[in-house]
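First up is the structure itself, then whatever we jot down about it.
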Amino acid sequence: MIQYEQFTLSNGLQVIVHEDCSTPMAVMNVMYNVGAKDENPDKTGFAHLFEHLMFGGSLHIPTYDEPLQLAGGENNAYTTNDLTNYYIQLPAQNIETAFWLESDRMLSLAFNEKSLEIQRKVVCEEFKEHYINKPYGDVWKHIRELAYTKHPYNWMTIGKELSHIENATLNDVKAFFFQYYRPINAILVVAGNVTIDQVKGLSEKWFAPIPAGNKYIRQLPAEPKQMIARKKEVKANVPLDALYKCWPICGRLDNLYYSTDLITDILGGGSSSRLYQSLVKEKKLFSNIHCYHLGSIDPGLLTIEGKLVKGVSLEEADKSVTKEIEQFLVEGVAERELKKVKNKTESSITFEDMSLLSRANSLAFYTLLGNTSLINVELNRYQEVTIKNINDTVAAIFDADHSNTLYYRSVV
Amino acid sequence: MLNRTIPPLIKQASSFELILPPLHRVVLSNGVEICLLSAGTQDVVQIEWVFYAGNAYETNNLVAVATNYLIKNGTAKHTAYEINEFFDFYGAFLQRDCYNETATVTLNCLNKHAEILIPKVFEILNESIFFEDELGIYKQNMQQHLAVSLKKCDFVANRLIDTYVYGERNPYGKYSTIKDYQQLQREWLIDFHRQHYLNGRCTIFVSGKLPNGIEKVIEKYFGQWPQSKTRETYPTITNIQAAQQKKYRIVNDEQGVQGAIRIATHFPNRHHPDFAKVMVLNTLFGGFFGSRLMNNIREDKGYTYGIHSYIQNHIAHTAWVIATEAGREVCEATIKEVYHEMNILCTEFVDEEELTVVRNFMIGSILGDLDGPFQIMSRWKNIILNGLTEEYFYRSIDVIKTITATELQVLAQKYFEKEKWYELVVV
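The structure is reproduced here in structure tokens:
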């Protein structure tokens, strides 16, 4: 059970406090309700580029990192298709430094031309390092383009292409900041060796004076229901053929989310999973295979991906996956198998909760979803999933007309 | 009116009292040592079995890592699938890792399942069979995995720099080839297992919110083990055959848009009197986000997404390494800036303000790292496996708090001689 208290400042900033006096540390987590899906299709990669610019100095503080390091702190941030998250960990005695730094950059960035110029380059190198200069690095670009025809999950957070980042201007930066980075669109979590009264006092002092901003009402095009199976083939300079198959699944707040999550684990979550045991160990068609989803807030994708054993054809590998799914549809899940993936989930949640950072991050995420208390009922939701729920969800997901298949063919 | 230009008062690093929570150590009659640390609030436990079974012990390439990897793939009583399913069923994670001196098997699980899982780990460590079929699958899949890795410039650069520093025949420098995988034989694994797991030296590290009686359960199984009572020590890895040539430029991928840069030099080990001080110099130079290298090469020039320097975590002999992936056209400019930053540290004193940032960052980071049973144990493990005592921990803290700008400059002049560094770019 994770204890927390919640209040909202007059400017709309939601604050969650999680006291834990067993640690000498404190964590501040600021989550903004904006991600790559909110970008203009002609200016993709911007939410992530912007995250970099958040470290380039704010209105009253020329450098962000140095005063934090002086206070013994560390920080980082990440951008997803759904949200942008900033976090700090530092000795609890120095928590006010975090309030000072985070509130000043929420008040206003310095909007510095040099910082933009440098971070454009840094992000381009990040793009190259992870998505261009790496075998299979562009797989998700192809998958997203194949599986999303209308919804902005169509592109990766890094952006569609380098030119979108290279062309970003300071005006874009300013507009983005004042549209999304306002107290009314943000969630502040303070966790660790702090008290509720202390956090209330410090939040009033540092965050309450920031103008509320306008609430961002998200209106994204929904992805139309897929009517026909889609296929794409890519040829690349990689040593092995790889197969990717995706099916649309529900969003994060849907009741089916829990059974869907368990299904990915049953199929391809580790060395006792169905796909691994059958296709890697017994049939020796794949050298590795996984089934997963990304936990996106809007309807996502269940993905099966694997690299083929040399000599096996993509068509044969594809058929073998289809056969496993058909078998799953016919047989359904076994009682022990369901119990196993529930136990794994219980274990994962417990291990994740060991870290203060992770607890703070989860509190922010569930608040963003609209219900902080989900943090303490998630495990029950998993426990409640029945054999019938799993079998029904499997039947709903694996409709042959809903599949998206990518053949990633080696041309070495 | 709130004045946002004035930072809040902070507590300085020098005033933080850092304590390494004590360890409970027991040596069983058969020579197996158990180290226990009870800490944390979550009902979890981590048990790590450390064997002196790293690649320094093997006579044929890859035997140590293959033995370690396949140890859970079948015993006389259970198939690989049955074993995997068993650990998964209890939501446990069983991890294997092979290093140069040591090889480890680590169990992470909920407290309530520890008692049922420990005997299964014993079965695996004690009765592993190394089935021919499992080895066949491993050989095939690892060759494929290697083929993919060899396409990555960072992977190739990491292998090559180690061969320059240590030599291809040294355990720290040697690397795997497709041929090595093809030649692996089941008998080699069985022998290696018998010699270094069944009759070798084992230390067990147990941490978490320890359930009552866990020590007894471990003792029940591992105390009966016919371990070698001589408590064989790890081999001191000598035979360093460093390359004569210092500069290398390699093209691995004609179409590559980035180069992996590695710049490295020898460093003795953690027992060397300079070690703790060099850790401070390294942090200042390239060891954290606010380092000189990051500030110059990422934040001022934008040549890279990240650049880091570090001391490799080896026991007998190690290296100081600078690593980054930079745009292909700016690799040479990046290298020039690295030497430039070395030169500044040799010729100019670091000012007290920057040094305070480094001190406070390092102390804050250790404080954060001591928050959690597994992290505390990881520090202890490092101390024990390196043949050090907790005095090393407290001395390092003291060095961080008291080292002077003059000492840092002397160290920089000693280690940052351009001629001593190997330099490699792999595109």
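Heads up: the protein sequence lines correspond to chains C and Z, in order. Numbering (our numbering) for the first sequence: 48 to 459. Numbering (our numbering) for the second sequence: 12 to 438. Think of the CB as a built atom: it goes at the ideal place given N, C-alpha and C, for glycine as much as any other residue.
*For C/V458, which residues in chain Z fall below 9 angstroms Cβ to Cβ?*
Simply none; closest approach about 13 angstroms.
*With a cut-off of 8 angstroms, does the C-beta of C/Q266 fall near any C-beta of chain Z?*
no
*Excluding sequence positions up to five away, which residues of its chain have a Cβ less than 7 angstroms from the Cβ of C/S155?*
S105 and L106
*Taking only beta-carbon positions, decide if C/P71 is within less than 8 angstroms of chain Z.*
yes
_Identified DSSP bridge partners for Z/I333_ = Z/I274 and Z/S320
*Below 8 angstroms between beta carbons: does that hold for Z/F360 and Z/T329?*
no
*Would you decide whether Z/K392 is buried or exposed? Buried here means 16 or more other CB atoms lie within 10 Å of its CB.*
buried
*What is the DSSP secondary structure of Z/W236, counted as helix, strand or coil?*
coil
*Own chain partners of Z/Y186 with C-beta closer than 6 angstroms, once the 5 adjacent residues on each side are dropped*: R170
*Would the beta-carbon of Z/A271 fall within 8 angstroms of that of Z/A168?*
yes
*Can you round the beta-carbon distance between C/G82 and C/N122 to whole angstroms, since I take them to be within the 8 angstroms contact cut?*
That pair is no contact at about 19 angstroms.
*Could you give the distance in angstroms between the alpha-carbon of C/F93 and the alpha-carbon of C/M153?*
18 angstroms
*Could you please tell me which residues of the segment 277–288 of chain C, in chain order, have their CB closer than 9 angstroms to any CB of chain Z?*
N284, V285, P286 and L287
*Closest by CA to Z/C120, which one among C/S450, C/I310, C/N390 and C/T440?*
C/N390
*Limits of the alpha helix (DSSP H) - the one that C/N128 falls within*: Neither: C/N128 is in no alpha helix (DSSP H) and is coded neither H nor E.
*Which parts of the segment 117–199 of chain C are runs of the alpha helix (DSSP H), unbroken and 4 residues or longer, counting only runs that do not cross its ends?*
142–154, 160–174 and 186–194
*Quick one: what's Z/L213 bridged to in DSSP?*
According to the sequence shown, residue 213 of chain Z is Cys rather than Leu. Z/F62, per the DSSP bridge assignment.
_Unbroken stretches of the alpha helix (DSSP H), 4 residues or longer, contained in the segment 371–412 of chain C_ = 382–399
*Run the CB neighbour count on Z/E352, radius 10 Å, all protein chains shown included, and call it buried at 16 or more, exposed below.*
buried
*asked:* Quick check: is the beta carbon of Z/T315 nearer than 8 angstroms to any beta carbon in chain C?
replied: yes
*By how many angstroms is the C-alpha of C/L96 removed from the C-alpha of C/I212?*
7 angstroms
*When you compare each of Z/V262, Z/L399, Z/I355 and Z/Y433 to Z/Q420 by their alpha carbons, which one comes out closest?*
Z/I355
*With 16 as the cutoff for other CB atoms within 10 Å, does C/E384 come out buried or exposed?*
buried
_Contact residues within the segment 142–158 of chain C, judged by C-beta distance below 7 angstroms to chain Z_ = E143, T144, W147 and D151
*Pick from C/L415, C/S420 and C/Q53 that is closest to C/V237, judged by C-alpha positions*: C/Q53
*Closest by CA to Z/Y405, which one among Z/T415, Z/L378 and Z/F98?*
Z/L378
_Contacts around Z/E28, its chain only, beta-carbon distance under 7 angstroms, and the 5 residues preceding and following it disregarded_ = none
*So the beta strand (DSSP E) C/A233 belongs to, where does it begin and stop?*
A233 to G239
*Assigned secondary structure, Z/F300 (DSSP; H/G/I helix, E/B strand, else coil)*: coil
*Flag this pair as touching only if the segment 67–78 of chain Z and the segment 104–123 of chain Z have three or more C-beta atom pairs under 8 angstroms; answer yes or no.*
yes
*Could you list which residues in chain C have their beta carbon closer than 8 angstroms to that of Z/C164, in chain order?*
N180
*Less than 8 angstroms between the CB atoms is what I'm expecting for Z/I318 and Z/T335, so what's the real figure, rounded?*
4 angstroms
*Could you list the residues in the segment 354–382 of chain C with a C-beta less than 8 angstroms from some C-beta on chain B, going in chain order?*
You won't find chain B in this structure, because its protein chains are C and Z.
_Buried versus exposed call for C/K262 [16 or more other C-beta atoms within 10 Å across all chains shown]_ = exposed
*Identify every residue that forms a DSSP beta bridge with C/I63.*
C/Q53 and C/V236
*State the CB to CB distance for the pair C/L348 and C/I296, rounded to an integer number of angstroms; the pair is presumed to be in contact (CB under 8 angstroms).*
6 angstroms
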